[in-house]
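Protein chains in written order, with the numbering used here: chain A, 1 to 295; chain B, 296 to 597. Ideal Cβ placement from N, Cα and C applies to all residues, glycine included.
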Amino acid sequence: MIKNFEEIRAKAVKGDRSRLVVADAAGKSVIDALTQATAMGMIEPILVGDESKIAPLVEEMGLEGARIIDIKDPVEIGEKCVALIREGEGDMLMKGKLSTPVLMKAVLDKQKGLRKGKLLSHVAVMELAGYPKLMTMTDGGIVINPDLGEKAALIENAVEVVRGLDIDVPKVACLAAIEKITDKQPETLHAVQLVKMAERGQLGKVKVEGPIATDVLLSHEAAKAKGIQSEMTLDADIVLVPNIAVCNAFVKGMIYLANARVAGVVMGAACPIVLLSRSDTAEVKLDSIALASVI
Amino acid sequence: MELRMKTLNDIIERAKSLPGRNIALAGAHEVDSLLAVERARVEGIAGSVLVGHSDEIEAAAETAGISLDNYEIVHEPDSKQISATAVKIIKAGRADALMKGLVSTADFMRALLRTEGGLLTAKLLSHIALFEVPAYSKLLGVTDAAINIAPTLDEKATIISNSVSVFQRLGIETPKVACVCAVEKVNPSKMPCTEEAAILAGMNRAGQINGSIVDGPLALDNAVCPEAAKLKKISGEVAGDADIILCPNIESANILYKSLAYLGKCECGAIVVGTSAPVILTSRADSDATKFASIALGIAVS
Numbered sequence: 001m002i003k004n005f006e007e008i009r010a011k012a013v014k015g016d017r018s019r020l021v022v023a024d025a026a027g028k029s030v031i032d033a034l035t036q037a038t039a040m041g042m043i044e045p046i047l048v049g050d051e052s053k054i055a056p057l058v059e060e061m062g063l064e065g066a067r068i069i070d071i072k073d074p075v076e077i078g079e080k081c082v083a084l085i086r087e088g089e090g091d092m093l094m095k096g097k098l099s100t101p102v103l104m105k106a107v108l109d110k111q112k113g114l115r116k117g118k119l120l121s122h123v124a125v126m127e128l129a130g131y132p133k134l135m136t137m138t139d140g141g142i143v144i145n146p147d148l149g150e151k152a153a154l155i156e157n158a159v160e161v162v163r164g165l166d167i168d169v170p171k172v173a174c175l176a177a178i179e180k181i182t183d184k185q186p187e188t189l190h191a192v193q194l195v196k197m198a199e200r201g202q203l204g205k206v207k208v209e210g211p212i213a214t215d216v217l218l219s220h221e222a223a224k225a226k227g228i229q230s231e232m233t234l235d236a237d238i239v240l241v242p243n244i245a246v247c248n249a250f251v252k253g254m255i256y257l258a259n260a261r262v263a264g265v266v267m268g269a270a271c272p273i274v275l276l277s278r279s280d281t282a283e284v285k286l287d288s289i290a291l292a293s294v295i
Numbered sequence: 296m297e298l299r300m301k302t303l304n305d306i307i308e309r310a311k312s313l314p315g316r317n318i319a320l321a322g323a324h325e326v327d328s329l330l331a332v333e334r335a336r337v338e339g340i341a342g343s344v345l346v347g348h349s350d351e352i353e354a355a356a357e358t359a360g361i362s363l364d365n366y367e368i369v370h371e372p373d374s375k376q377i378s379a380t381a382v383k384i385i386k387a388g389r390a391d392a393l394m395k396g397l398v399s400t401a402d403f404m405r406a407l408l409r410t411e412g413g414l415l416t417a418k419l420l421s422h423i424a425l426f427e428v429p430a431y432s433k434l435l436g437v438t439d440a441a442i443n444i445a446p447t448l449d450e451k452a453t454i455i456s457n458s459v460s461v462f463q464r465l466g467i468e469t470p471k472v473a474c475v476c477a478v479e480k481v482n483p484s485k486m487p488c489t490e491e492a493a494i495l496a497g498m499n500r501a502g503q504i505n506g507s508i509v510d511g512p513l514a515l516d517n518a519v520c521p522e523a524a525k526l527k528k529i530s531g532e533v534a535g536d537a538d539i540i541l542c543p544n545i546e547s548a549n550i551l552y553k554s555l556a557y558l559g560k561c562e563c564g565a566i567v568v569g570t571s572a573p574v575i576l577t578s579r580a581d582s583d584a585t586k587f588a589s590i591a592l593g594i595a596v597s
């Protein structure tokens, strides 16, 4: 089982280089991350975009072995990236400077896109000082207010990520404010339904528990005080969060208040998609590329 | 070791073992009802307090060929008040089970719910039938085929508790409840019954529904047939060994009830619970055996 980002990076370096298709790499920070990942032996970059803008950056940053495909039109860039994955010329996708809606439109195209799972979702992997293993959390980036069926798909997408972390039977905790089941807090209903779906084999090889409150997830003392014995306490691999607002706040709270080391990847398409934000540090960018390449 | 109630006769024997029980029969001026309580008296299950207009009761008794010497008659000349008077008899502790004779269902229900605060002790009334099914290893409870039309999640939780109390009264401490749907998998958005079943199972596991083991969704086959449960790889204690079948709504429960009764030729005893005293509500279409078993069930759990 992979327990931290150094191990993720090590696995990414050790395996074959993943062919990373980058949608419009004409940005300094993007090329910087790609240069590092390439130098470490993680990836083999395929840069789709305006060659006249990309080539000088590649030169400047010293990125070696990059293939550049010269396309200027944003829509065509998106389509070409998706086509490369479909044709087996690339293993994973990364958003560079291309706008997210343009890239997503190409990915989600019913005929020529990369639709595979029931939905696309964002999965964050966190390394936390107070948690003994990597915590994989979803969805703080894409699915706003998932219903039960969507939550089942979120779990399936997150499970694919943790398989890359060499976890055989992932433990999934469905987070809520309380452990009581009440229709006044619908996430508690979803949680028990997901537990049953897992029991009936509808979610694959996973162990699901919930509803579980954050204190019980993070502290044996809190669990004991509440009289709850849960194998999720300090041992859940995946934490399913009720909605985007809570998940986003949790992850960002961990980053800024608890110095969490975090990487993110979009799952549910035919390949992992690295979708970074401008505010992401170089470390986050590199960790995310490493994460995508071990999935 | 827990008791296993296998046949309606087990219920009848249990009723007989409880001494000095009485039924308050609301609207006793009806031949069928009089014949039913007479059989209960003769077989040593319970005596009856006959409530209604005494002249009419006497006339019906004569037609039925029953002597009224063995009965207390409470004369109630106002037909609209018969049910209320019967409820008052229960409230006063003079009878242990309430039975509906020839009174309007609306008056009966109103009295049941309102007279002197009514008899309701649970959040709602519910109906349960205990079937003797030759192909099954024990009595099988079916709920709710008669009262709750489209129960909500909370109402289903109460129906479970009501049904469980009946089994506990029969000596089965931890009955197994199967929340039955068309399939045993949770089908989000498309089959709401499967979603509710999973929640009920979760509530049971979380200690919010007690005194029972609840599982669901289960399809009827894997609820009552161990081989079917095994084939579908459904673990848990309920699958293949359910005591109580909670149906998703009145239609499915009614169809299950009538399939067993008319196609399977199974007899049952049925009562209404959720009250301080069991309520015996037989229908004219019921067989004599079912009427008798229903009275016995009412007394056995009183």
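Sub-7 Å separation of residue i and residue j beta-carbons
i: B:D391; j: B:A572; result: yes
i: B:A523; j: B:E479; result: no
i: A:V143; j: A:C81; result: no
i: B:A595; j: B:R309; result: yes
i: A:N243; j: A:N145; result: yes
i: A:M197; j: A:L203; result: yes
i: A:D24; j: A:G49; result: yes
i: A:G93; j: A:C247; result: Going by the sequence as given, residue 93 of chain A is Leu instead of Gly. No, these two residues do not count as a Cβ contact at 7 Å.
i: B:E371; j: B:V344; result: no
i: B:D510; j: B:G535; result: no
i: A:V266; j: A:L120; result: yes
i: A:G27; j: A:K97; result: yes
i: A:I77; j: A:L114; result: no
i: B:V382; j: B:T410; result: yes
i: A:I43; j: A:R17; result: yes
Beta-carbon neighbours of residue i, restricted to chain A and to distances below 8 Å
i: B:A501; result: E179, K180, I181, V192
i: B:E522; result: Simply none; closest approach about 18 Å.
i: B:K528; result: G201
C-beta neighbour in chain B for residue i, strict 7 Å
i: A:L189; result: yes
i: A:L148; result: yes
i: A:V13; result: no
Cutoff 7 Å: residue i Cβ touching any chain A Cβ
i: B:I494; result: yes
i: B:E427; result: no
i: B:E641; result: Given that chain B is displayed from residue 296 to residue 597, the structure contains no residue 641 of chain B and the question cannot be resolved.
i: B:S362; result: no
i: B:S484; result: yes
i: B:M296; result: Only weak support exists for where B:M296 lies, its pLDDT of 42 falling under 50; the coordinates are left without a value.
Length of the line joining the Cα atoms of residue i and residue j
i: A:A66; j: A:I46; result: 6 Å
i: B:P429; j: B:C561; result: 8 Å
i: B:I423; j: A:K180; result: 28 Å
i: B:L303; j: B:L434; result: 8 Å
i: B:V437; j: B:R464; result: 16 Å
i: A:A55; j: A:I68; result: 8 Å
i: B:C474; j: B:V567; result: 19 Å
i: B:A445; j: B:V459; result: 20 Å
i: A:H122; j: A:K151; result: 12 Å
i: B:K418; j: A:L154; result: 37 Å
i: B:I307; j: B:L592; result: 7 Å
i: A:D70; j: A:G88; result: 19 Å
i: A:L240; j: A:K105; result: 26 Å
i: B:E333; j: A:K226; result: 56 Å
i: B:C520; j: B:M486; result: 23 Å
i: B:E450; j: B:S421; result: 9 Å
i: A:R278; j: A:K95; result: 11 Å
i: B:I550; j: B:G559; result: 12 Å
i: B:V472; j: B:T570; result: 21 Å
i: B:P314; j: B:R405; result: 30 Å
i: A:T138; j: A:A176; result: 13 Å
Under 9 Å by beta carbon: chain B residues contacting residue i
i: A:V195; result: A493, A496, G497, R500
Chain A residues whose Cβ lies nearer than 9 Å to that of residue i
i: B:V251; result: One cannot answer for residue 251 of chain B here, as it falls past the ends of chain B, which runs 296 to 597.
i: B:L448; result: D183, L189
Contact test: residue i Cβ vs the ligand COA heavy atom, cutoff 6 Å
i: A:L189; result: The model depicted lacks the ligand COA and carries no ligand whatsoever.
>> Suppose only complete runs of 3+ residues qualify. What are the beta strand (DSSP E) ranges in the segment 335-407 of chain B, listed by chain order?
In response: 342-347, 367-370, 392-395
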